[in-house]
Amino acid sequence: MACEKDKTTFWASISIKALYNEKAEVIGFAKITRDLTDRQLAEKIILQHAQQIEHKNKELEQFVYIASHDLQEPLLNLTNFVELLQYEYGSLFDETANMYFDVISQGASRMRNLIRCLLDYSRLGQQAKLVRVDCQQLVETVISDLSVPIKASGAEIHFENLPILVGYATELHQLFQNLLSNAIKFRKPGVSPDIRITAEQTAEGWRFAVSDNGIGIAPEFKEKIFLIFQRLHEREAYEGNGIGLAHCKKL
Amino acid sequence: MKKYKDLHGVLLVDDDKFTNLIHTKAIERTGIDVQVKAVSNVKDALDFLTSQQLADSVRPGIILLDINMPGLSGWDFMTAYHQLEEKFKVKVIVTMLTTSLNPDDENRAKLDNQIVSFLHKPLRPEIFSQLVEEYFEKED
Chain D
0 MACEKDKTTF WASISIKALY NEKAEVIGFA KITRDLTDRQ LAEKIILQHA
50 QQIEHKNKEL EQFVYIASHD LQEPLLNLTN FVELLQYEYG SLFDETANMY
100 FDVISQGASR MRNLIRCLLD YSRLGQQAKL VRVDCQQLVE TVISDLSVPI
150 KASGAEIHFE NLPILVGYAT ELHQLFQNLL SNAIKFRKPG VSPDIRITAE
200 QTAEGWRFAV SDNGIGIAPE FKEKIFLIFQ RLHEREAYEG NGIGLAHCKK
250 L
Chain Z
0 MKKYKDLHGV LLVDDDKFTN LIHTKAIERT GIDVQVKAVS NVKDALDFLT
50 SQQLADSVRP GIILLDINMP GLSGWDFMTA YHQLEEKFKV KVIVTMLTTS
100 LNPDDENRAK LDNQIVSFLH KPLRPEIFSQ LVEEYFEKED
């Protein structure tokens, strides 16, 4: 802390150095006072910004919570009660009325899907924790999540000996979910999807390959059907997912 | 009506009364003979479980517990529940989650040894039947 002539104080960095004559006797001192006020101010502003960002992030988390719960529940009720109405009073309605009910239900379920996609998207950016991921088990979970379209399309999914690795479970889950649902969705008409998931170890990590007998993709992207990502590398796992989504878009 | 041993009642805990109604209907549709009691908050749930007047003939064998509730949450319920005397406890607690996208809640449910499973809303009759099949013995 340094002192101005008018007795006000300010933060400073001070260095004092002894001055010598030829006989190495101390003849005085040199003092340099560097005013740190600006630096202090800058640091304070940075700190404030960091706090603001933290606050904003908390707000965002809250937003995600509201989206996941408070928006979903009324929609669920909408779907549930249309269903109940059809179940208990179905015989009282004619075809047109039932068509109206279907439209209501479809609208509600589309909305729920949109909310889910938004949530997925917001979770993607979050810094997830690295955990041990059993890919074999992960793919099994994805398959059970997708059981309805799998059954409907008669899809066969082959996978074995997928590795256990250290990675981001949610992102990996989304990645496989994207790829599998793409493979099921973009099948050739009249052909049941046949999907293969394989993994091989490379110098950089694990290389996963998901292939199907669907309608395929434009030749310029044909090479990119393989998604490569490294374990222990967040960016790469994230990019992998980005490719998966871009992949959806291109198709 | 199908009857199961030690399964007299089901306690529904959800702040949304319509969800409780949907779940009550789903249970009715299974044709399983149970008394359904629905409450909308944690305090009422605990009061119901510990009530001295609660006859054994309606004592719940299953609790379906919502997690996201205003005030005391489903997790607060579990904290209080763990303190209860054994005689007030029930055989099966299942947490009901609104979305399939909250891994935190799912993981937390897995860690609690009193919670046997978590399900996603809405409860379906066939899912409830499965649950009963798994944990209760059928009576002739």
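Chains D and Z supply the protein sequences, listed in that same order.
If you use numbering that gives the first Met the number 0, the first sequence corresponds to residues 0 to 250, in order.
If you use numbering that gives the first Met the number 0, the second sequence corresponds to residues 0 to 139, in order.
The C-beta atom is built at its ideal place from N, Cα and C for all residues, glycine as well.
Given the structure is predicted, the values throughout are model-derived calculations rather than measurements.
Span of the alpha helix (DSSP H), counted from its first residue to its last, around residue i
i: residue 67 of chain D; result: Counting along the chain, residue 67 of chain D falls outside any alpha helix (DSSP H), and DSSP gives it neither H nor E.
i: residue 130 of chain D; result: It is not in any alpha helix (DSSP H) - residue 130 of chain D instead sits in the beta strand (DSSP E) that spans 130–133.
i: residue 26 of chain Z; result: 16–28
i: residue 150 of chain D; result: 146–152
i: residue 130 of chain Z; result: 124–134
i: residue 75 of chain Z; result: 73–81
Unbroken beta strand (DSSP E) run spanning residue i, endpoints
i: residue 205 of chain D; result: 205–210
i: residue 155 of chain D; result: 155–158
Given residue i as reference, the closest of the options once Cα atoms are compared
i: residue 12 of chain D; options: D:30, D:44 and D:25; result: D:30
i: residue 34 of chain D; options: D:27, D:47, D:10 and D:43; result: D:10
i: residue 69 of chain D; options: D:6, D:17, D:115 and D:155; result: D:115
i: residue 128 of chain Z; options: Z:17, Z:22, Z:15 and Z:40; result: Z:22
i: residue 148 of chain D; options: D:180, D:71 and D:20; result: D:180
i: residue 72 of chain D; options: Z:121, Z:7 and Z:83; result: Z:121
i: residue 65 of chain Z; options: Z:82, Z:56, Z:46 and Z:38; result: Z:38
i: residue 25 of chain Z; options: Z:57, Z:33 and Z:124; result: Z:124
i: residue 83 of chain Z; options: Z:106, Z:136 and Z:46; result: Z:46
i: residue 56 of chain Z; options: Z:112, Z:118 and Z:8; result: Z:8
i: residue 15 of chain Z; options: Z:75, Z:68 and Z:34; result: Z:68
i: residue 34 of chain Z; options: Z:41, Z:2 and Z:71; result: Z:2
Bridge partner(s) assigned by DSSP for residue i
i: residue 199 of chain D; result: D:206
i: residue 188 of chain D; result: Residue 188 of chain D pairs with nothing; no bridge assigned.
i: residue 33 of chain D; result: D:12
i: residue 59 of chain Z; result: Z:8
i: residue 95 of chain Z; result: Z:65 and Z:118
i: residue 164 of chain D; result: D:132
i: residue 37 of chain Z; result: Z:11
i: residue 170 of chain D; result: BP columns for residue 170 of chain D are empty, so no partner.
i: residue 27 of chain D; result: D:18
i: residue 138 of chain Z; result: Z:2
i: residue 103 of chain D; result: Paired residues: none, contrary to the question.
i: residue 193 of chain D; result: D:155
i: residue 31 of chain Z; result: Z:1
Cutoff 8 Å; reference residue i; Cβ partners in own chain excluding five residues on either side
i: residue 157 of chain D; result: 193, 194, 195 and 196
i: residue 191 of chain D; result: 152, 153, 154 and 155
i: residue 39 of chain D; result: 10
i: residue 188 of chain D; result: none
Beta-carbon proximity list for residue i, same chain, < 7 Å, skipping 5 on both sides
i: residue 81 of chain D; result: 100, 103 and 104
i: residue 138 of chain D; result: 158, 161, 175 and 196
i: residue 4 of chain Z; result: 135, 136 and 138
i: residue 247 of chain D; result: A caution first: residue 247 of chain D carries a pLDDT of 36, below 50, which makes its placement in the model unreliable, though a value can still be read off. Closer than 7 Å at Cβ, skipping near neighbours: 177 and 181.
Beta-carbon proximity list for residue i, same chain, < 6 Å, skipping 5 on both sides
i: residue 48 of chain Z; result: 87
i: residue 176 of chain D; result: 141
i: residue 224 of chain D; result: Note that residue 224 of chain D has pLDDT 43, beneath the 50 cutoff, so the model's placement of it is unreliable and the number below is only indicative. Nothing meets the Cβ criterion.
i: residue 52 of chain D; result: none
i: residue 10 of chain Z; result: 36, 59 and 62
i: residue 168 of chain D; result: 130 and 132
i: residue 114 of chain Z; result: 92, 94 and 108
i: residue 210 of chain D; result: 195
i: residue 116 of chain Z; result: 93
i: residue 111 of chain D; result: 74
i: residue 19 of chain Z; result: 11, 13 and 37
beta-carbon residue i near the ligand NAP non-hydrogen atom, thresh 7 Å
i: residue 76 of chain D; result: This structure lacks the ligand NAP; in fact it carries no ligand of any kind.
Interface positions of the region 53–68 of chain Z facing chain D (Cβ-Cβ less than 8 Å), listed along the chain | Taking 8 Å as the Cβ-Cβ cut-off against chain D, the residues of the region 53–68 of chain Z that qualify are 67.
What are the residues of the region 15–26 of chain Z that lie near chain D, defined by any Cβ-Cβ distance shorter than 8 Å?
-> Here the close residues are 15, 17, 18, 21 and 24.
Return the residues of the region 53–68 of chain D that lie within a Cβ-Cβ distance of less than 9 Å from chain Z, sorted by chain order.
-> Listed by position, the residues of the region 53–68 of chain D near chain Z (Cβ gap below 9 Å) are 64, 67 and 68.
Could you name the residues of the region 108–128 of chain Z whose beta carbon sits closer than 9 Å to any beta carbon of chain D, in the order they occur along the chain?
-> From the region 108–128 of chain Z, only 120 and 121 have a Cβ closer than 9 Å to chain D.
Interfacial residues, the region 104–117 of chain D to chain Z, with Cβ spacing under 8 Å = Listed in chain order, the positions of the region 104–117 of chain D with a beta carbon within less than 8 Å of a beta carbon of chain Z are 115.
May I ask you to list, following chain order, the residues of the region 156–168 of chain D that have a beta carbon less than 8 Å from some beta carbon of chain Z?
-> Those would be 168, in chain order.
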